[in-house]
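First the structure, in the form of structure tokens, and then the observations on it.
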Amino acid sequence: MQGRVGEMTSFVDGLRRDGIRQVVVMGMGGSSLCPIVLAMTFGRRDGYPDLQVLDSTSPETVRIVESHLVLESTLFIESSKSGTTLEPRCFGEYFWAKLCESMGTAKAAQHFACITDPGTPLEIQGRERGYRGIFINPPDIGGRYSALSYFGLVPGACAGVDVNELLSRAVAMSRNCSSGSATGNTNPGAALGVALAHGALGAGRDKITFVTSAGIAGMGLWLEQLIAESTGKEGKGLIPISGEPLLAPSAYGNDRHFVALTLAGETSNDAKLAALEQAGHLVTRIALADPLDIGAEFYRWEFATAVAGALLGINSFDEPNVQESKDNTNRILAEHAQASATDYVAPDDAAAVEALLKQVQPGDYIDFAAFIAVKQSRDNLITESRRGLCEALRVATTAGFGPRFLHSTGQLHKGGPNTGVFIQFVIPDGGEALPIPGQPFDFGTLIRAQALGDLQSLRAHGRRALGVKLAPDVDSGLATFARTLATALSAQGSKV
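When the count follows our numbering, it moves up by one through the sequence shown with no breaks and lands on 502 for the last residue.
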């Protein structure tokens, strides 16, 4: 990739010259998470396009993204290793139709680019339509290991990130990881992998809990996918915990391994981390000189994950359970299947919530799987619920917005240890229909099918899962559930 920086720079220079002010990456999982990290970490650089990522089939999300775009000055990058991933295919056709209608096919093609493997349907389509840019990635790179390939670097370059320096930091880390003893005494990637695996195998500390400086908080999303999809299989796995509030030591069980990723000069978490160590928790500290050091961390963590997988006795490079929810989605769409009356409960169903909480055991983790549009207010509500669960039950919590997590932590949910307890939020039926060109279903139908398919897959694997329908209004429904959960936790605590 260092030899291809000039190609990427030339492409971005053309965008700037032609007045492109916004770039939208349309991808899922490994095709979207690194661009999200780069956008969150580096923000917008003067003179470069604003980088956005669309990775939700929620019609509300698509509408929100579209409302902030000026199509005539926007580049859309369809990003898919296989070139057939359903979600970016739908996003691509939606905006392709919009652009063709407003400016004609020839001009529309100059507002599209793609990143994919050689010979995929997406590459063929891009060449037939005459896309502005077609980036063919080396095919031997798995999606979650692709941050330092075109999938991460092209979007980063578009946003003005110094991808050459990002790569230089990664190369320096790769050299460090190619030296030293096999036990990892001088090899930072191997040492981290050994620490992760031995903490889990030797002390049961399999909940890898990330504590990050605010400036690199996006790393948690990327690390979640890397670790969950790589190690969560055959009933084993490390459980990555990202975005959880950092609490007092008494809120945690003995299944935690805290990993602090800290920027130089950042001390806001030091006292809490010291308290965790003093209480006997395992804490690993990693210092970054500046945000560009995430290039080195991408490499270190990919290396460490492979090492940890080997020590856990699993293959870090396959994903045997990811396809299940996809197959369920396709079946539900083909059969026009609907959720049954018993699949979902109302957000104020206290009995259902209490029954689920009674099933939670020490060493479990509770996951919020939200098939709704991402909004800060919604994330805040879920985060407060996570805090309440930690303090009341001393269990780890995770949260993801669907369908993004189907391409990341979804593998762990079905293939990892049966220690997950799942609370799924779905959008209500009805609302404004948002058609998808060339498809017999709209975005609302698609995300409901993805949610139901995932719920069915979880239950087929014997997972403890509660479906909650946030009707008639998503935000009021989410607030109602938060109150129901808080009341149930309070009642449970009073009985102890």
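Ideal Cβ placement from N, Cα and C applies to all residues, glycine included.
Given that a residue counts as buried once 16 or more other Cβ atoms are within 10 Å of its Cβ, and exposed if not, what is residue i?
i: PHE449; result: buried
i: THR273; result: exposed
i: ALA234; result: buried
i: ALA220; result: exposed
i: ARG69; result: exposed
i: GLY224; result: buried
i: THR90; result: exposed
i: THR348; result: exposed
i: THR215; result: buried
i: PRO94; result: buried
i: GLY25; result: exposed
i: HIS287; result: buried
i: LYS113; result: exposed
i: GLY319; result: exposed
i: ARG306; result: buried
i: ASP373; result: buried
i: ASN193; result: buried
Between which two residues does the alpha helix (DSSP H) containing residue i stretch?
i: SER180; result: 169-183
i: ARG23; result: 11-23
i: ASP460; result: 449-466
i: HIS419; result: 416-421
i: LYS113; result: 111-115
i: ARG135; result: 127-135
i: ILE3; result: What is shown of the chain runs 7 to 502, which leaves residue 3 out entirely.
i: PHE304; result: 300-318
i: ILE233; result: 225-237
i: GLY199; result: 194-209
i: GLU283; result: 276-284
Taking the beta strand (DSSP E) that residue i falls in, what are its first and last residues?
i: LEU5; result: Absent from the structure is residue 5, since the part of the chain shown begins at 7 and ends at 502.
i: THR404; result: 402-407
i: HIS263; result: 262-269
i: THR215; result: 213-218
i: GLN445; result: Unbroken run through GLN445: none, as it is neither H nor E.
i: GLY426; result: 426-432
i: PHE48; result: Note, PHE48: premise wrong, no beta strand (DSSP E); alpha helix (DSSP H) at 39-48.
i: ILE147; result: No beta strand (DSSP E) holds ILE147; DSSP gives it neither H nor E.
i: PHE323; result: No beta strand (DSSP E) holds PHE323; DSSP gives it neither H nor E.
Taking the Cβ atom as the reference point for each residue, do residue i and residue j lie within a distance shorter than 8 Å?
i: GLY36; j: GLY149; result: yes
i: GLY421; j: LYS278; result: no
i: VAL11; j: VAL169; result: yes
i: GLY369; j: THR415; result: no
i: LEU157; j: ILE130; result: Reading the sequence as shown, one finds Phe at residue 157 and not Leu. Not closer than 8 Å, so no.
i: GLY5; j: PHE101; result: The first residue shown for the chain is 7 and the last is 502, placing residue 5 beyond what the model contains.
i: PRO55; j: ALA165; result: yes
i: HIS117; j: PHE82; result: yes
i: LEU294; j: LEU267; result: yes
i: GLN456; j: THR63; result: yes
i: PRO251; j: ARG392; result: yes
i: LEU491; j: GLY408; result: no
i: LEU44; j: PRO145; result: no
i: ARG454; j: ILE429; result: no
i: ARG469; j: HIS419; result: yes
i: ALA398; j: ILE388; result: no
i: LEU472; j: LEU362; result: yes
So for residue i, helix, strand or coil by DSSP?
i: GLN365; result: coil
i: THR342; result: Going by the sequence as given, residue 342 is His instead of Thr. If DSSP states are grouped into helix, strand and coil, HIS342 belongs with coil.
i: GLN8; result: helix
i: ARG384; result: helix
i: GLU84; result: strand
i: MET34; result: coil
i: VAL68; result: helix
i: ASP56; result: strand
i: PHE411; result: helix
i: ASP481; result: helix
i: GLN498; result: helix
i: ILE245; result: strand
i: TYR371; result: strand
i: ILE26; result: coil
i: ARG489; result: helix
i: LEU472; result: strand
i: TYR258; result: coil
i: ILE378; result: coil
i: VAL351; result: strand
i: GLY162; result: helix
i: GLY139; result: strand
Between residue i and chain B, is the shortest Cβ-Cβ distance under 8 Å, so that the two count as touching?
i: GLY12; result: Reference to chain B is not applicable here, since this structure consists of a single protein chain.
> So, do the region 312-330 and the region 232-246 have three or more beta carbon pairs nearer to each other than 8 Å?
Replying inline: These segments touch.
> Hey, is the region 206-213 in contact with the region 248-267, meaning 3+ C-beta pairs nearer than 8 Å?
Replying inline: yes
> Does the region 130-148 touch the region 37-44, meaning 3 or more C-beta pairs lie closer than 8 Å?
Replying inline: The way I'd put it, the region 37-44 doesn't touch the region 130-148; fewer than three beta-carbon pairs between them come closer than 8 Å.
> Does the region 478-489 come close enough to the region 379-393 to have 3 or more Cβ pairs within less than 8 Å?
Replying inline: yes
> Three or more C-beta pairs closer than 8 Å, one from the region 452-472 and one from the region 328-339: is that the case here?
Replying inline: yes
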